[in-house]
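*Asks:*
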Amino acid sequence: MPFLFYFPALKKTTPYLKNQFEHKKIKVLIVPGHDSDSPGAEFLGVGEADLTLMTAEFLFELLRNDSRFEVFLTRNKNGYQKEFSSYFQEKKNEIIAFRDSFKNFMNLAFDVGVLKRERGVVHNSVYQDMSVKLYGINKWLNENDVDLVLHLHFNDYPGHGSGPGEYSGFSIYVPEKQLPNSQASLEIAQAVLEKMKKYFAVSDYLQEAGGIIEDQNLIALGANGSLDTPALLIEYGYIYEPQFLSDSLRPLILRELALQTYAGVNQYFNRKVISENGFSTFLLPHIWKEEIKEGNRNGDVLSLQAALIQEGVYPPEGRGIKECSLTGSFRRCTQKAVAAFQEKYQEEILTPLDLISGSGFVGEATLKKLNQLYGK
Numbered sequence: 004m005p006f007l008f009y010f011p012a013l014k015k016t017t018p019y020l021k022n023q024f025e026h027k028k029i030k031v032l033i034v035p036g037h038d039s040d041s042p043g044a045e046f047l048g049v050g051e052a053d054l055t056l057m058t059a060e061f062l063f064e065l066l067r068n069d070s071r072f073e074v075f076l077t078r079n080k081n082g083y084q085k086e087f088s089s090y091f092q093e094k095k096n097e098i099i100a101f102r103d104s105f106k107n108f109m110n111l112a113f114d115v116g117v118l119k120r121e122r123g124v125v126h127n128s129v130y131q132d133m134s135v136k137l138y139g140i141n142k143w144l145n146e147n148d149v150d151l152v153l154h155l156h157f158n159d160y161p162g163h164g165s166g167p168g169e170y171s172g173f174s175i176y177v178p179e180k181q182l183p184n185s186q187a188s189l190e191i192a193q194a195v196l197e198k199m200k201k202y203f204a205v206s207d208y209l210q211e212a213g214g215i216i217e218d219q220n221l222i223a224l225g226a227n228g229s230l231d232t233p234a235l236l237i238e239y240g241y242i243y244e245p246q247f248l249s250d251s252l253r254p255l256i257l258r259e260l261a262l263q264t265y266a267g268v269n270q271y272f273n274r275k276v277i278s279e280n281g282f283s284t285f286l287l288p289h290i291w292k293e294e295i296k297e298g299n300r301n302g303d304v305l306s307l308q309a310a311l312i313q314e315g316v317y318p319p320e321g322r323g324i325k326e327c328s329l330t331g332s333f334r335r336c337t338q339k340a341v342a343a344f345q346e347k348y349q350e351e352i353l354t355p356l357d358l359i360s361g362s363g364f365v366g367e368a369t370l371k372k373l374n375q376l377y378g379k
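Heads up, this note's numbering is the position in the sequence shown plus 3, with the first residue counted as 1.
(1) Rounded to whole angstroms, what's the CA-CA distance from Val152 to Tyr208? Just pull it up for me.
(2) Using the three-state DSSP reduction, which class does Phe113 fall into: helix, strand or coil?
(3) Based on Cα-Cα distance, which residue from Tyr176, Ile99, Tyr83 and Lys94 lies nearest to Lys124?
(4) How is the beta strand (DSSP E) around His154 delimited, first residue to last?
(5) In whole angstroms, give me the CA-to-CA distance for His154 and Leu76.
(6) Per DSSP, what kind of secondary structure is Ala234 in: helix, strand or coil?
(7) In the DSSP assignment, find the alpha helix (DSSP H) that holds Asp53 and state where it starts and stops.
(8) For a test of the three-state rule: what should DSSP assign to Arg71, helix, strand or coil?
(9) Would you call the stretch 84–99 and the stretch 130–138 touching, i.e. three or more CB-CB distances under 8 Å?
(10) I'd like the list of long-range same chain contacts for Leu118, defined as Cβ closer than 8 Å, with 5 residues on each side in sequence excluded.
(11) In the DSSP assignment, find the unbroken beta strand (DSSP E) run with Asp303 in it and report its ends.
(12) Buried or exposed: where does Ser306 fall if 16 or more other Cβ atoms within 10 Å of its Cβ makes it buried?
(13) State the CB to CB distance for the pair Asn374 and Ile290, rounded to an integer number of angstroms; the pair is presumed to be in contact (CB under 8 Å).
(14) Report the rounded CA-to-CA distance for Glu367 versus Ser328, giving the unit in angstroms.
(15) Indicate whether the contact test is met: 3 or more Cβ pairs, each with one atom in the stretch 214–226 and one in the stretch 285–301, closer than 8 Å.
(16) Three or more C-beta pairs under 8 Å: does that hold for the stretch 262–270 against the stretch 198–206?
(17) Expressed to the nearest angstrom, what Euclidean distance is found between the alpha-carbon atoms of Tyr19 and Glu259?
(18) Which ranges would you report for the beta strand (DSSP E) in the stretch 327–367 if only whole runs of at least 3 residues count?
(19) Which first and last residues belong to the alpha helix (DSSP H) in which Pro18 is found?
(20) For Gly139, I'd like the list of residues in its chain whose CB is within less than 7 Å of its CB, leaving aside the five on either flank, ordered along the chain.
(21) Could you give the distance in angstroms between the alpha-carbon of Phe101 and the alpha-carbon of Gly50?
(22) Using DSSP with H/G/I as helix, E/B as strand and the rest coil, what is Gly228?
(23) Do you know whose CA, among Ala310, Ile277, Ala226 and Lys339, lies nearest Val129's CA?
(24) Considering only DSSP beta bridges, list what Lys180 is partnered with.
(25) Since Gly331 contacts Glu346 with CB under 8 Å, what's their CB separation in whole angstroms?
(26) If you follow the beta strand (DSSP E) that Glu190 is part of, which residue opens it and which one closes it?
And the structure:
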């Protein structure tokens, strides 16, 4: 028997999934990364397990309220859902046998040269208990004919101590091309990337350049050929980025990350996500009531940045989304974009004040125009 028959039959291809979408609900599992036993990254009291859960709950609600999807969530604020906690406990020996059989066969494939080992981004080692949970999720996915699994994470980089690290931005990990679930995973990731990068910067860590990274070793993606379900592991940003540390901005940012993920999944199925107000973001519409200037950091600035993106002036000329993504912080990028907005609507904003060039300060006339366009 040819060795490639070892992998599960390649059922969940893009044509198959899109056909399924036309006739029945797409089954999606959301896995908020880490848990109370393995909390993941932490910075200034903000924990990865908490961030992933909050993001997952936003995404879960979006999918649950969409009749085209049937959605599952592995854990909530009380811990793992009963279905999963019982599965991990009652099926532990079966899960270990499942894991070990795939590992052994994959090692044989490498040894005889049928498959090639690929070195990717170095990840933290997984402890035994978490290994059982992750392989248990893969086994559960295979048994329950789930169409897509989304693992949600926040990144970190060692060595930055008590201060923030040097890298920022999001990335999406997909199964390496030799794995059976690779192609559909890649195509879904491309759709999600396309939506997210309109508002958020792609990681500037060299090994995550481009935003989509193939990986052979992440259990969540089906390491050792253990998964036939398309899988994405999304690193939504680095945990020390200021928008994740702000109590007021954090829920707004996480909700927006969830929305753009949801929009990307829908785009894969050739379906647009637009609110009844006509916007593709939760940050609009918005009513601005107070003047905004450089140094402000709040929800008003976040929605201002979203509006400037809609206007095509953010990032401003000469800048990229890496420097000027959604952060809720009014800095030089936002100031320049506001000036461009003011000049775009010169007759309404600048001319009554006898001005020719935009100031970048959001005063009464600029607020009036913003509310006219985006306050509905």
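Yeah, the Cβ is synthetic: ideal placement off N, Cα and C, and Gly gets one too. On a predicted model such as this, the values are computed, not experimentally measured, just so you know.
*Replies:* Inspection of the coordinates gives the following:
(1) For the purposes of this step, residue 152 is taken as the residue at position 149 of the sequence shown. For the purposes of this step, residue 208 is taken as the residue at position 205 of the sequence shown. Rounded to the nearest angstrom, the two C-alpha atoms are 25 Å apart.
(2) Residue numbering aside, residue 113 sits at position 110 when the sequence shown is read from its first letter. Correct three-state label for Phe113: helix.
(3) Taking the sequence shown and counting its residues from 1, one reaches residue 124 at position 121. The question names Lys, but residue 124 in the sequence shown is Val. The option with the nearest alpha carbon to Val124 is Tyr176.
(4) If you number the sequence shown from 1, residue 154 lands on position 151. Annotation: the continuous beta strand (DSSP E) that includes His154 extends over Leu151 to Asn158.
(5) Within the sequence shown, numbered from 1, the residue matching residue 154 stands at position 151. Within the sequence shown, numbered from 1, the residue matching residue 76 stands at position 73. Between His154 and Leu76, the C-alpha separation is close to 10 Å.
(6) For the purposes of this step, residue 234 is taken as the residue at position 231 of the sequence shown. Correct three-state label for Ala234: strand.
(7) Counting from one through the sequence shown, the residue named residue 53 turns up at place 50. Residues Glu51 to Arg67.
(8) As a first step, residue 71 is located in the sequence shown; it is residue number 68 there, counting from the start. It is coil, neither helix nor strand.
(9) Short answer: they touch.
(10) Taking the first residue of the sequence shown as position 1, residue 118 is located at position 115. Cβ neighbours of Leu118 beyond the five flanking positions: Met109, Ala112 and Gln181.
(11) To locate residue 303, count along the sequence shown from 1; it is residue 300. Per DSSP, Asp303 belongs to no beta strand (DSSP E); it is in the alpha helix (DSSP H), Gly302 to Glu314.
(12) Stepping through the sequence shown from its first residue, residue 306 is reached at position 303. Under this definition Ser306 is a buried residue.
(13) On the sequence shown, residue 374 is found 371 positions in, with the first residue counted as 1. On the sequence shown, residue 290 is found 287 positions in, with the first residue counted as 1. With 8 Å as the limit, Asn374 and Ile290 qualify as a contact, their Cβ atoms being about 6 Å apart.
(14) Counted from its first residue, the sequence shown places residue 367 at position 364. Counted from its first residue, the sequence shown places residue 328 at position 325. Here the alpha carbons of Ser328 and Glu367 stand approximately 25 Å from one another.
(15) No: the two stretches stay apart, fewer than three of their Cβ pairs being nearer than 8 Å.
(16) They touch, by the three-pair rule.
(17) Sequence index remark: in the sequence shown, residue 19 carries index 16 (1-based). Sequence index remark: in the sequence shown, residue 259 carries index 256 (1-based). Computed Cα separation, rounded: 29 Å.
(18) Secondary structure within the stretch 327–367: not one fully enclosed beta strand (DSSP E) run of 3 or more consecutive residues is present.
(19) Locating residue 18 in the sequence shown gives position 15, where the first residue counts as 1. For Pro18, the enclosing alpha helix (DSSP H) has its first and last residue at Thr17 to His26.
(20) Taking the first residue of the sequence shown as position 1, residue 139 is located at position 136. Counting only Cβ-Cβ distances below 7 Å, and skipping sequence neighbours, we find Tyr90, Phe91, Lys94 and Ile98.
(21) As a first step, residue 101 must be located in the sequence shown, where it is residue number 98. As a first step, residue 50 must be located in the sequence shown, where it is residue number 47. About 31 Å.
(22) Within the sequence shown, the letter at position 225 stands for residue 228. DSSP places Gly228 in helix when its eight states are reduced to three.
(23) The residue labelled residue 129 in the question sits at position 126 within the sequence shown. Minimum Cα distance to Val129 is reached at Ala226.
(24) Here residue 180 is taken as the residue at index 177 of the sequence shown, counted from 1. Under the DSSP definition of a beta bridge, Lys180 lacks any partner.
(25) Counted from its first residue, the sequence shown places residue 331 at position 328. Counted from its first residue, the sequence shown places residue 346 at position 343. 24 Å between Cβ atoms; not a contact.
(26) Taking the first residue of the sequence shown as position 1, residue 190 is located at position 187. Note, Glu190: premise wrong, no beta strand (DSSP E); alpha helix (DSSP H) at Ser185 to Met199.
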